[in-house]
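Sequential numbering from 2 applies to the sequence shown in the numbering used here.
Cβ coordinates follow ideal geometry from the N, Cα and C atoms, glycine included.
Structure first, then comments.
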Amino acid sequence: MKKLTGIILLLLTIAGAQAQEIHSLNNGRDYYANKSIAGQTRDGAGPDYVLLHKSYAGVAMNDNFVMGKITAIRGTTGSYNRKWTVEVNTASAYNADLGTLVGYNESARLVLLTYNGEKYMAAEIGYGATMFNLSFTGYTRNETLILVPGDQVSNVQELSSPNDQIVLQGQTTIKNEGGPSTLTVVALAENINMGNNKTFGGGVAIKATQTGRNMSTGAALEFVLPTDMDGNNPWGQGRVMTVPGNTTNGHATGKMIIGTRRHFDKLNTGVEWYYGDDIVIDGSGNVGIGTLYPDPDAKLAVKGNVFAKKVKVTLTGWSDFVFEPGYKFPSIYETEQYIQKHKHLPGIPNETEVKEKGVDVGEMNKLLLQKIEEQMLYIIELKKQVDKMQQEMDIRKGK
Numbered sequence: 002m003k004k005l006t007g008i009i010l011l012l013l014t015i016a017g018a019q020a021q022e023i024h025s026l027n028n029g030r031d032y033y034a035n036k037s038i039a040g041q042t043r044d045g046a047g048p049d050y051v052l053l054h055k056s057y058a059g060v061a062m063n064d065n066f067v068m069g070k071i072t073a074i075r076g077t078t079g080s081y082n083r084k085w086t087v088e089v090n091t092a093s094a095y096n097a098d099l100g101t102l103v104g105y106n107e108s109a110r111l112v113l114l115t116y117n118g119e120k121y122m123a124a125e126i127g128y129g130a131t132m133f134n135l136s137f138t139g140y141t142r143n144e145t146l147i148l149v150p151g152d153q154v155s156n157v158q159e160l161s162s163p164n165d166q167i168v169l170q171g172q173t174t175i176k177n178e179g180g181p182s183t184l185t186v187v188a189l190a191e192n193i194n195m196g197n198n199k200t201f202g203g204g205v206a207i208k209a210t211q212t213g214r215n216m217s218t219g220a221a222l223e224f225v226l227p228t229d230m231d232g233n234n235p236w237g238q239g240r241v242m243t244v245p246g247n248t249t250n251g252h253a254t255g256k257m258i259i260g261t262r263r264h265f266d267k268l269n270t271g272v273e274w275y276y277g278d279d280i281v282i283d284g285s286g287n288v289g290i291g292t293l294y295p296d297p298d299a300k301l302a303v304k305g306n307v308f309a310k311k312v313k314v315t316l317t318g319w320s321d322f323v324f325e326p327g328y329k330f331p332s333i334y335e336t337e338q339y340i341q342k343h344k345h346l347p348g349i350p351n352e353t354e355v356k357e358k359g360v361d362v363g364e365m366n367k368l369l370l371q372k373i374e375e376q377m378l379y380i381i382e383l384k385k386q387v388d389k390m391q392q393e394m395d396i397r398k399g400k
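This is the structure we're talking about:
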């Protein structure tokens, strides 16, 4: 009986040890379950770091990777008691550092840093209450997996790994009915003067999956509204889309199209639910409203009516030169002859020109004012002649 009891106690001890931590080596990599990461973060300080593995430091290196989940508890049951989880998939091999991180409950990021004179890839833990009970479950090779305080590291830089992706296939729902926002995306700030040293910026990017660019397909951000609170019958209402703006340079020039969805005959093939090409910004920065092709000679082209309470046109020069001494303008008889021959005023575009080229509003106002000022000079001259004739008539009557 005592022997049986001893065997049972031995088995329980082994089982307890296995429940605490499992480590096995197979298929050329280590596997850990609930591997303890010693230490705890600083209280009310940070950031601190979990060193994952060494990173590239200018010399070709063997394979170093960590693939798995790190968990911890921040605070205590009587204060904060927040569960912290990150999933990492990182590797440093030959001459490259690659990786992705998915965090839960609070923000985290992958960084490269220097610790004790060596470079590491690490998971950054943000400022907050003490975090303890850190553990790792997953696959590794040449891992480090130690916790170090932020005041012992240097040269911290966020990992730039633009070609690594986190893919969610299928319908993905992000829901937070109690918070101020459903989705918050945090990204590096981007400079408005980004040059050709970047294929795309460091902010939020929406990337189409097509293998080739063409003038009618591209990347889109769509706004969808359901018919009821349960999310039934979702229907796209508005869209912001980009397509190539030219056919040269590998279609690299962009063109942005903003439109709402409505029931109309967009393609002359019948009425359907289409997105309109309502506001278009072409590759030259020209804007079109109601047209897919903005005028290359105008910053703004509108196909349709424009209603405005006030329009201000800035011009260089005005028609006040009419009143300058020495200004020459045709006599009333010369103007009459011109009108009889050309059927419009001198210096004013005719009907054919207006139909073909339109009207420059600012220039036309200047021309019309010029004619009004010339007309005023005609009237003044005519008034002088009338006054002179009246004086002569009054003199004759007095005789």
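Segment limits, beta strand (DSSP E) that includes residue i
i	result
residue 256	255-265
Residue from the options with nearest C-alpha to residue i
i	options	result
residue 56	69, 144 and 70	144
residue 127	175, 41 and 207	41
residue 219	234, 30, 193 and 247	247
residue 87	48, 259, 107 and 142	107
residue 49	358, 111 and 101	111
residue 105	85, 116, 124 and 95	85
residue 138	130, 171 and 73	73
residue 205	215, 216, 190 and 217	190
residue 224	276, 358, 119 and 328	276
residue 327	378, 360 and 302	378
Per DSSP, the bridge partner or partners of residue i
i	result
residue 345	Paired residue(s): none; residue 345 is not in a bridge.
residue 109	126
residue 274	264
Limits of the alpha helix (DSSP H) - the one that residue i falls within
i	result
residue 62	No alpha helix (DSSP H) holds residue 62; the beta strand (DSSP E) holding it covers 62-75.
residue 193	From DSSP, residue 193 is part of no alpha helix (DSSP H); its letter is neither H nor E.
residue 375	362-399
residue 355	352-358
Residue i classed as buried or exposed, judged by whether at least 16 other C-beta atoms fall within 10 angstroms
i	result
residue 391	exposed
residue 54	buried
residue 253	exposed
residue 67	buried
residue 36	buried
residue 337	exposed
residue 61	exposed
residue 75	buried
residue 174	exposed
residue 166	exposed
residue 23	exposed
residue 10	Unreliable placement is indicated for residue 10, whose pLDDT of 48 sits below 50; the coordinate value is still reported in the next sentence. The residue is exposed, with fewer than 16 neighbouring Cβ atoms inside 10 Å.
residue 125	buried
Inter-residue Cα distance where the pair is residue i and residue j
i	j	result
residue 136	residue 109	16 Å
residue 18	residue 63	Confidence in residue 18 is poor, its pLDDT being 45 and thus under 50, which makes the residue's placement unreliable; the coordinate value appears in the next sentence. Their Cα atoms are separated by approximately 32 Å.
residue 339	residue 346	7 Å
residue 256	residue 241	11 Å
residue 386	residue 320	26 Å
residue 367	residue 384	25 Å
residue 196	residue 236	38 Å
residue 399	residue 388	16 Å
residue 32	residue 91	15 Å
residue 13	residue 26	Its pLDDT being 46, under 50, residue 13 is placed unreliably in this model, and the value from its coordinates should be taken loosely. C-alpha separation (whole angstroms): 24 Å.
residue 381	residue 374	10 Å
residue 286	residue 221	19 Å
residue 122	residue 192	27 Å
residue 70	residue 185	23 Å
residue 158	residue 114	6 Å
residue 153	residue 47	11 Å
residue 162	residue 44	31 Å
residue 38	residue 148	7 Å
residue 262	residue 239	6 Å
residue 170	residue 101	17 Å
residue 116	residue 151	10 Å
residue 141	residue 160	19 Å
Heavy atom of the ligand GTP within 7 Å of residue i beta-carbon
i	result
residue 328	Here there are no bound small molecules, and the ligand GTP is not part of this structure.
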